[in-house]
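Just so you know, the working numbering puts 238 at position 238 of the sequence shown, and the rest follows in order with no gaps.
Below: one structure, written as structure tokens.
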Amino acid sequence: MPATPRSSKQRSYTIQQKRDALLLASDIGTKPVADSLGYPPRTVQDWAAQRDAIFDFKGAQVSKTLKGQGRKEIIPFAHGLLTFMKDMRRDEEPLCTTLMLEYIKTNHRRWFNNYMSGKKSLISADNAIQVAQHTKKLSADLEETHLKFAVEFWEKHESSFTESTIFNVDKTAIYYDTPPKHILAERGRKGSAKVKYTEKHSARLTAVLTFRADGKKLPILFIVKGMPGGSIEKEELPKYPQGQGHVYCVQENGWMDSRVWSIYAKELLKFQIDVPSVLLADNFDCHVSEEGQEVIKTQTYATVCPLRANSTAVCQPLDVGVMGPLKKTLRALWLTDYRKGYVTASEKRLISVKRTIRAWALIDS
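If you want it as structure tokens, here you go:
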């Protein structure tokens, strides 16, 4: 059995050996030095190319490298940024890329501008990673449902309605505390992702949003949790932003029901429709009931077109193209509104309403 050839061990040399070889090479040349000392000729040639660095080295003579062979840091202020990150998490603040970018832009503006000058466009600081969501139906089934609904809708309404007469309404829960989906946390530290002063279901209210097919955004109906005729309705609602057409009401659970649906028709939608129109809505009971469809018809001259069950993810325009950007904008605005310390429930509701109005205005038509 032939013997397995032994691999030669890679040799290394100290700074002192390199300097001695280079001093000798300055007199007799690199090849004679390599032959006399038994060093590989290519190695001595490489030392000669690094002559200045080798003689300028300030470290120990027995060191075998010039140091700095590790990963190069492109951020010259890495230590300061790391300190900022640790301070944020130590104080249980919502550390995310948005606030890190703000730190860099505030304290190292020149570096930031130089770094971004070679980019095609500014990267959004709140560009959260999208996590795949499970649906109640398979994607293929949803797509088939979408196509069937589209065919049925246009066969029935194409000759009767234009983009300016097709409306879509949808509702979504709004929370005072809407931190970014991802909080940066120190690995291995217990509770490191906690954010101080935040609550999971803080001051929930409902926003009813309406979009017209031609891109027009209608005012918002806000549904606040409270008793009809109670203190919230009498004392808080009049203090909410006025003059923009937004409508405010209270409901025991802060959600849509037949009474609120009637308020939506009489106090908001009625003033936005002046010709026969169609209103796309999910198949929520108060939307599709005879009473719900009748109030829309009598108050607004519109016909309710209910979507199929479990199909809003592909059939509802607001759900498909607007809710995602709206929630993303709300998370970004939350960072600017973030307050330390105690905030009363009424203050939270008012801030949430104002923030939602700002986010709705920022959504492209």
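Here a beta-carbon is modelled for each residue, glycine too, at the ideal position from N, C-alpha and C.
Predicted model, so just to flag it, every value in this text is computed and none were measured.
- A direct Cα-to-Cα measurement between Asp282 and Leu307 gives close to 5 Å.
- In the three-state scheme derived from DSSP, where H, G and I count as helix and E and B as strand, Lys171 is classed as strand.
- Sequence-distant Cβ neighbours of Ile174 in its own chain, meaning closer than 6 Å and more than five residues away, are Leu205, Ala207, Ser352, Thr356.
- Non-local beta-carbon contacts of Pro228 in its own chain, meaning distances under 6 Å to residues more than five positions away in sequence, involve Val250 in chain order.
- Using a Cβ-Cβ distance cut-off of 8 Å, the segment 43-56 and the segment 74-81 are not in contact, since fewer than three pairs of beta carbons, one from each stretch, lie closer than that value.
- As DSSP reads the structure, Leu221 sits in a beta bridge with Val208, Val247.
- In the structure shown, Ala60 adopts coil according to DSSP, grouped into three states.
- If you look at Val288, you'll find it in the alpha helix (DSSP H) that goes 285-288.
- DSSP lists Val278 as the bridge partner or partners of Ile166.
- Beta-carbon to beta-carbon, Ile296 and Thr329 are separated by about 29 Å, too far to satisfy the 8 Å threshold.
- Thr303 has Val278 as its beta-bridge partners, per DSSP.
- Annotated as distal: Phe211 and Val288, with beta-carbon spacing of 9 Å or more.
- According to the DSSP assignment, Ala48 belongs to the alpha helix (DSSP H) that extends over 41-49.
- Residue environment for Ala345: exposed (fewer than 16 other C-beta atoms within 10 angstroms of its C-beta).
- Nearest C-alpha to Pro276 among Ala265, Gln61, Glu233, Thr303: Thr303.
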